[in-house]
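Asker: Let me begin by handing over the structure; questions about it come next.
There are 2 protein chains.
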Amino acid sequence: MSKMPTVKDVAERAGVSVGTVSRVLAGEAAVKPSLREKVNEAIVALGYRPNVTARALRTRRTDVIGLIVPDITNPFFAQLAASVERAAQDYRHSLMLASSHDDREAEQDHVVAFLDRSVRGIIAIASSDNPDLQLKSPIPIISLDRRFGAFPLVSTNHAQAAALIASHLFELGHRRIAYVAGPPDTEAGRARRKGFVTRMKQLSDEVELEVFFGKFDYESGEKIARDLLSRSPQDRPTAIAAASDQQAIGALRAARDLNVDVPRELSVTGFDDILLANLVVPRLTTVRQPTDTLARRAVELLFSQSSDIGDEMIDGSLIKRVSTGPAPQ
Amino acid sequence: MSKMPTVKDVAERAGVSVGTVSRVLAGEAAVKPSLREKVNEAIVALGYRPNVTARALRTRRTDVIGLIVPDITNPFFAQLAASVERAAQDYRHSLMLASSHDDREAEQDHVVAFLDRSVRGIIAIASSDNPDLQLKSPIPIISLDRRFGAFPLVSTNHAQAAALIASHLFELGHRRIAYVAGPPDTEAGRARRKGFVTRMKQLSDEVELEVFFGKFDYESGEKIARDLLSRSPQDRPTAIAAASDQQAIGALRAARDLNVDVPRELSVTGFDDILLANLVVPRLTTVRQPTDTLARRAVELLFSQSSDIGDEMIDGSLIKRVSTGPAPQ
DNA sequence: CTGAAAGCGCTTACAG
DNA sequence: CTGAAAGCGCTTACAG
Numbered sequence: 001m002s003k004m005p006t007v008k009d010v011a012e013r014a015g016v017s018v019g020t021v022s023r024v025l026a027g028e029a030a031v032k033p034s035l036r037e038k039v040n041e042a043i044v045a046l047g048y049r050p051n052v053t054a055r056a057l058r059t060r061r062t063d064v065i066g067l068i069v070p071d072i073t074n075p076f077f078a079q080l081a082a083s084v085e086r087a088a089q090d091y092r093h094s095l096m097l098a099s100s101h102d103d104r105e106a107e108q109d110h111v112v113a114f115l116d117r118s119v120r121g122i123i124a125i126a127s128s129d130n131p132d133l134q135l136k137s138p139i140p141i142i143s144l145d146r147r148f149g150a151f152p153l154v155s156t157n158h159a160q161a162a163a164l165i166a167s168h169l170f171e172l173g174h175r176r177i178a179y180v181a182g183p184p185d186t187e188a189g190r191a192r193r194k195g196f197v198t199r200m201k202q203l204s205d206e207v208e209l210e211v212f213f214g215k216f217d218y219e220s221g222e223k224i225a226r227d228l229l230s231r232s233p234q235d236r237p238t239a240i241a242a243a244s245d246q247q248a249i250g251a252l253r254a255a256r257d258l259n260v261d262v263p264r265e266l267s268v269t270g271f272d273d274i275l276l277a278n279l280v281v282p283r284l285t286t287v288r289q290p291t292d293t294l295a296r297r298a299v300e301l302l303f304s305q306s307s308d309i310g311d312e313m314i315d316g317s318l319i320k321r322v323s324t325g326p327a328p329q
Numbered sequence: 001m002s003k004m005p006t007v008k009d010v011a012e013r014a015g016v017s018v019g020t021v022s023r024v025l026a027g028e029a030a031v032k033p034s035l036r037e038k039v040n041e042a043i044v045a046l047g048y049r050p051n052v053t054a055r056a057l058r059t060r061r062t063d064v065i066g067l068i069v070p071d072i073t074n075p076f077f078a079q080l081a082a083s084v085e086r087a088a089q090d091y092r093h094s095l096m097l098a099s100s101h102d103d104r105e106a107e108q109d110h111v112v113a114f115l116d117r118s119v120r121g122i123i124a125i126a127s128s129d130n131p132d133l134q135l136k137s138p139i140p141i142i143s144l145d146r147r148f149g150a151f152p153l154v155s156t157n158h159a160q161a162a163a164l165i166a167s168h169l170f171e172l173g174h175r176r177i178a179y180v181a182g183p184p185d186t187e188a189g190r191a192r193r194k195g196f197v198t199r200m201k202q203l204s205d206e207v208e209l210e211v212f213f214g215k216f217d218y219e220s221g222e223k224i225a226r227d228l229l230s231r232s233p234q235d236r237p238t239a240i241a242a243a244s245d246q247q248a249i250g251a252l253r254a255a256r257d258l259n260v261d262v263p264r265e266l267s268v269t270g271f272d273d274i275l276l277a278n279l280v281v282p283r284l285t286t287v288r289q290p291t292d293t294l295a296r297r298a299v300e301l302l303f304s305q306s307s308d309i310g311d312e313m314i315d316g317s318l319i320k321r322v323s324t325g326p327a328p329q
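Here the protein sequences come in this chain order: A and B. So that you can map any letter, position 201 of the first sequence is 201 in UniProt numbering, and since no number is skipped, the others follow by simple counting. So that you can map any letter, position 315 of the second sequence is 315 in UniProt numbering, and since no number is skipped, the others follow by simple counting.
Have a look at this one:
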């Protein structure tokens, strides 16, 4: 393979200095049009492509964004990652992806690795709260969905969204309800639970509300629902509200296995609106997180020069499907 | 922020030349132990971390691998991506992720972008066949799961795996079978169909086998199954074998909507064994693709110096669950 | 507006 | 085994 052409080759061919080549590359106005044209011709003639590594060494920045997710296999994070990649593209940036596998140490190692590679900014979906995290970073770091360290967070308004579900269930007449919460060591888990419980209490103090804690995954939902549904019919809840679609889908499976009809005998709700929510049987009533908006905002903040970036919350919206119905008598 | 220390700072503090620092960094044996020690002390004292960009500029290689997927939101690709990331980690490499959204042009743009960033190697899951793709690359490119251009492919032995399903269905007594194929413009789609059909013909020429073509997604499976199941019971197949789990899950949903009992009235099989396959109702009989092995092999090949890299196929394995049963009378 | 030159932080022949 | 020096391909003050 013949060597790639450099600014020097372009300069020679165009009969200008490398400085001038660099200036037209940068799109600087201050270049005489005739020279600019010659340079551009030389660029296409040679098939010149800037060496981004050399550029990065000089400018100390690259056109890549680092994204840390707990687990790309989780459909919600996959959706978020897809949205972040699209948003990054809009800024002509590439995406570096790292999975923490819910391991804090791995999370921090990935930050360091990203810093070493001088990424332009880091977006992190944290595995769990870690307010003590002390991390000096020369580049912006934004938390997405779940707060990383003490960095500014872009997320759905979890409390508001969870309250939507509470109202929906209440209106359907449910008065014996189980809430399957997310891990209490995540802000998202706490905010959703609080939003749900608060709204429910507000609506009436007659509601029997039980709260159970699990992880955000299928298994937690299935297990908790299984326990609940093996109670005698008059003792069990008429609705299970879960803190994630995955938990809700687990609950649906448990109901199926135990021959509990959804939604006739039991209503089930999720949170996230992953693709799957609309595919399971019965289709899941849930709350939609605006992943595209969240992702776009996160990368916008990365590029905003502003020094006082605060948290941003975006409202979720109720998606009524068929896993919820009137409370049984 | 105080400036990051460089080799020069380390050299000064250790009382050696930068060349020597670089040599101990490279782990070269040819450094006097006493000096090596001094250098190492200086490194920790200063908290020195090599500038990977400068290193990349000199050596023309980075420690990142580029991965191109059609859509990270597809659970099978997400699993594959997770496996690739893990394998890359084992080689201390980071992962750059790009989605092609089934767009060939985007696919090629991503390759170019990766090349610009001098990644160490590229792993590509192609959106569709493109044997005419002419692409000069100074770095290794490996196709994973679906062939990209004419680059060597690491994949499951699609034909063998599909034959496993054919045998399973035949043994259960099914003689009226519909095969929902993947896109004929993908090697994977063709190989699976061929493997299935060939084995079935081999088993008996009494089997009524209909083949339908779709995409690999939920919608295709649902639509095709819906058409099939709206026929009169004696005209419809007793088994639907799909070329992907997503298609099969779509088929399951159609069966549910049309009140066709699986597996009593209809057997359904998938392909991939995504996490979801074990979560749907009823749990899906499918064939497992060894994603970890596939991914590991692909990155191994990236690092293998060998110049004659050929295709590699890895066998799949039948996972019997409850979406298949004896053919109805 | 443009050129000549320094310098980003490394690695690696080249001498010795 | 080690040091001095060149050079990877850019960008950007500095002069003019």
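Ideal Cβ placement from N, Cα and C applies to all residues, glycine included.
(1) From threonine 285 of chain B to lysine 223 of chain B, what does the alpha carbon distance come to, in whole angstroms?
(2) Near serine 244 of chain A, what residues of its chain come up, given a Cβ to Cβ distance below 7 Å and the 5 sequence neighbours on each side ignored?
(3) Can you tell me which residues form a DSSP beta bridge with leucine 288 of chain A?
(4) What's the gap between the Cα of methionine 1 of chain B and the Cα of glutamate 12 of chain B?
(5) Quick one: grab the DSSP three-state call for serine 17 of chain B.
(6) DSSP three-state label for serine 99 of chain B, please.
(7) Going by alpha carbons, who is nearest to glycine 121 of chain B out of B:His101, B:Ala106 and B:His93?
(8) Under 9 Å between beta-carbons, which chain A residues line up against isoleucine 72 of chain B? List them in chain order, please.
(9) Can you pull the DSSP bridge partners for glutamine 283 of chain B?
(10) In terms of residue numbering, what span does the alpha helix (DSSP H) encompassing valine 211 of chain A cover?
(11) Determine whether the Cβ of arginine 117 of chain B lies closer than 7 Å to any Cβ atom of chain A.
(12) Cβ of serine 220 of chain A less than 7 Å from any chain B Cβ?
(13) Would you say threonine 53 of chain A lies against chain B (beta-carbon separation less than 7 Å)?
(14) Is leucine 57 of chain B close to chain A? Criterion is C-beta to C-beta, closer than 7 Å.
(15) Can you give me the Cβ contacts of glycine 47 of chain B inside the same chain, cut-off strictly under 8 Å, excluding the 5 residues immediately before and after it?
(16) What does valine 154 of chain A pair with, by DSSP beta-bridge criteria?
(17) For alanine 191 of chain A, which residues from the same chain have a beta carbon less than 7 Å from its beta carbon, with the 5 sequence-adjacent residues on both sides left out?
(18) List, in order along the chain, the chain A residues whose C-beta lies closer than 7 Å to that of valine 154 of chain B?
(19) Is there at least one Cβ from chain A nearer than 7 Å to arginine 256 of chain B's Cβ?
(20) Taking the C-alpha atoms as reference points, what is the distance between leucine 318 of chain A and proline 290 of chain A?
(21) Have a look at B:Ala242, B:Val24 and B:Gln202 and flag the residue whose alpha-carbon is nearest the alpha-carbon of glycine 214 of chain B.
(22) Measuring CA to CA, which of B:Asn130, B:Ile68 and B:Ser307 is closest to proline 138 of chain B?
(23) Glycine 66 of chain A by DSSP, collapsed to three states: which one?
(24) Can you tell me which of the three DSSP states residue 415 of chain B falls into?
(25) Please say whether leucine 144 of chain A and isoleucine 125 of chain A have beta carbons closer to each other than 7 Å?
(26) Within 10 angstroms of its Cβ, does serine 323 of chain B collect 16 or more other Cβ (buried), or is it exposed?
(27) With a threshold of 7 Å between beta carbons, is alanine 26 of chain B in contact with chain A?
(28) Does DSSP put tyrosine 218 of chain A in a helix, a strand or coil?
(29) My output table needs one value for valine 180 of chain B: the three-state DSSP class, helix, strand or coil.
(30) If the criterion is Cβ atoms closer than 7 Å, does the pair proline 152 of chain A and isoleucine 142 of chain A meet it?
(31) Comparing alpha-carbon positions, which option in B:Lys8, B:Glu265 and B:Pro50 lies nearest glutamine 234 of chain B?
(32) Looking at C-alpha atoms only, which residue of B:Asn40, B:Val281, B:Arg175 and B:Pro237 is the closest neighbour of glycine 250 of chain B?
(33) Which residue wins for smallest C-alpha separation from threonine 53 of chain B, given the options A:Gln108, A:Leu97, A:Arg117 and A:Asp102?
(34) Taking a cut of 8 Å between CB atoms, which residues from the stretch 278 to 290 of chain A lie near chain B?
(35) To be precise: take each residue of the stretch 102 to 130 of chain A, compare its Cβ to all Cβ atoms of chain B, and keep it if any distance is under 7 Å. Which residues remain?
(36) Closer than 7 Å, CB to CB, is serine 244 of chain B near chain A or not?
Answerer: Straight from the coordinates:
(1) Looking up residue 285 of chain B in the second sequence gives position 285. Looking up residue 223 of chain B in the second sequence gives position 223. Distance between the alpha carbons of threonine 285 of chain B and lysine 223 of chain B: 20 Å.
(2) Here residue 244 of chain A refers to the residue found at position 244 when the first sequence is read from its first residue. Closer than 7 Å at Cβ, skipping near neighbours: Gly182, Phe216, Gly270, Phe271 and Asp272.
(3) Translated into the one-based positions of the first sequence, residue 288 of chain A becomes position 288. A small correction: the amino acid at residue 288 of chain A is arginine; leucine does not occupy that position in the sequence shown. Its beta-bridge partners are A:Asp272 and A:Ser317.
(4) In the second sequence, the residue the question calls residue 1 of chain B occupies position 1. In the second sequence, the residue the question calls residue 12 of chain B occupies position 12. Note that methionine 1 of chain B scores a pLDDT of 41, beneath 50, so its modelled location is shaky and nothing firm can be said.
(5) Indexing the second sequence from 1 puts residue 17 of chain B at position 17. If DSSP states are grouped into helix, strand and coil, serine 17 of chain B belongs with coil.
(6) The residue given as residue 99 of chain B occupies position 99 in the second sequence. Reduced to three states, the DSSP call for serine 99 of chain B is strand.
(7) Looking up residue 121 of chain B in the second sequence gives position 121. Among B:His101, B:Ala106 and B:His93, the Cα nearest to that of glycine 121 of chain B belongs to B:His93.
(8) On the second sequence, residue 72 of chain B is found 72 positions in, with the first residue counted as 1. Within 9 Å Cβ-Cβ: Ile72, Ala78, Gln79, Ala81, Ala82, Glu85 and Leu97.
(9) In the second sequence, residue 283 of chain B corresponds to position 283, counting from 1. Before going further, note that residue 283 of chain B is arginine rather than glutamine in the sequence given. According to DSSP, which records beta bridges pairwise, arginine 283 of chain B is partnered with nothing at all.
(10) Locating residue 211 of chain A in the first sequence gives position 211, where the first residue counts as 1. Element bounds for valine 211 of chain A: not the alpha helix (DSSP H) but the beta strand (DSSP E), 208 to 213.
(11) Start at 1 with the first residue of the second sequence, and residue 117 of chain B comes out as number 117. Judged by the 7 Å Cβ criterion, arginine 117 of chain B is in contact with chain A.
(12) As a position in the first sequence, residue 220 of chain A is number 220, starting the count at 1. Not closer than 7 Å to any Cβ of chain B, the Cβ of serine 220 of chain A fails to qualify, so no.
(13) Translated into positions along the first sequence, residue 53 of chain A becomes position 53. Yes, its Cβ sits closer than 7 Å to a Cβ of chain B.
(14) Walking along the second sequence from the start, residue 57 of chain B turns up at place 57. Leucine 57 of chain B counts as touching chain A.
(15) What you label residue 47 of chain B is simply residue 47 of the second sequence in a count that begins at 1. If we look at glycine 47 of chain B and ignore the five residues flanking it on each side, its Cβ neighbours are Pro5.
(16) Translated into the one-based positions of the first sequence, residue 154 of chain A becomes position 154. A:Leu144 and A:Glu312, per the DSSP bridge assignment.
(17) As a working note, residue 191 of chain A is residue 191 in the first sequence. Closer than 7 Å at Cβ, skipping near neighbours: His158 and Ala159.
(18) The residue labelled residue 154 of chain B in the question sits at position 154 within the second sequence. Chain A residues near valine 154 of chain B: none, gap ~20 Å exceeds 7 Å.
(19) Position 256 of the second sequence, counted from the first residue, corresponds to residue 256 of chain B. Taking Cβ atoms only, chain A reaches closer than 7 Å to arginine 256 of chain B, which makes this a yes.
(20) What you label residue 318 of chain A is simply residue 318 of the first sequence in a count that begins at 1. What you label residue 290 of chain A is simply residue 290 of the first sequence in a count that begins at 1. One C-alpha to the other measures close to 11 Å.
(21) Locating residue 214 of chain B in the second sequence gives position 214, counting from the first residue. Looking at the Cα atoms, B:Ala242 is the closest of the given residues.
(22) Taking the first residue of the second sequence as position 1, residue 138 of chain B is located at position 138. If we check each option's Cα against that of proline 138 of chain B, B:Ser307 comes out closest.
(23) Counted from its first residue, the first sequence places residue 66 of chain A at position 66. Note: glycine 66 of chain A maps to strand in three-state DSSP.
(24) Residue 415 of chain B cannot be examined here, being either before or after the span of chain B that is shown, 1 to 329.
(25) Here the question's residue 125 of chain A lines up with position 125 in the first sequence. Here the question's residue 144 of chain A lines up with position 144 in the first sequence. Against a cut-off of 7 Å, the Cβ pair of leucine 144 of chain A and isoleucine 125 of chain A comes out as a contact.
(26) Locating residue 323 of chain B in the second sequence gives position 323, where the first residue counts as 1. Per the 10 Å Cβ criterion, buried.
(27) Mapped onto the second sequence, residue 26 of chain B falls at position 26. Taking Cβ atoms only, chain A never reaches closer than 7 Å to alanine 26 of chain B, which makes this a no.
(28) Numbered from its first residue, the first sequence carries residue 218 of chain A at position 218. Tyrosine 218 of chain A: helix per DSSP, three-state reduction.
(29) Position 180 of the second sequence, counted from the start, is the residue given in the question as residue 180 of chain B. Valine 180 of chain B: strand per DSSP, three-state reduction.
(30) For this step, residue 152 of chain A is matched to residue 152 along the first sequence. For this step, residue 142 of chain A is matched to residue 142 along the first sequence. Closer than 7 Å, so yes.
(31) Residue mapping note: residue 234 of chain B aligns to position 234 of the second sequence, counting from 1. Among B:Lys8, B:Glu265 and B:Pro50, the Cα nearest to that of glutamine 234 of chain B is on B:Glu265.
(32) Stepping through the second sequence from its first residue, residue 250 of chain B is reached at position 250. Out of B:Asn40, B:Val281, B:Arg175 and B:Pro237, B:Val281 has the C-alpha closest to the C-alpha of glycine 250 of chain B.
(33) Indexing the second sequence from 1 puts residue 53 of chain B at position 53. Out of A:Gln108, A:Leu97, A:Arg117 and A:Asp102, A:Arg117 has the C-alpha closest to the C-alpha of threonine 53 of chain B.
(34) Under the 8 Å Cβ criterion, the stretch 278 to 290 of chain A contributes Leu279, Val280 and Val281.
(35) Ala113, Asp116, Arg117 and Ser118
(36) Here residue 244 of chain B is taken as the residue at index 244 of the second sequence, counted from 1. With 7 Å as the cut-off, serine 244 of chain B does not count as an interface residue toward chain A.
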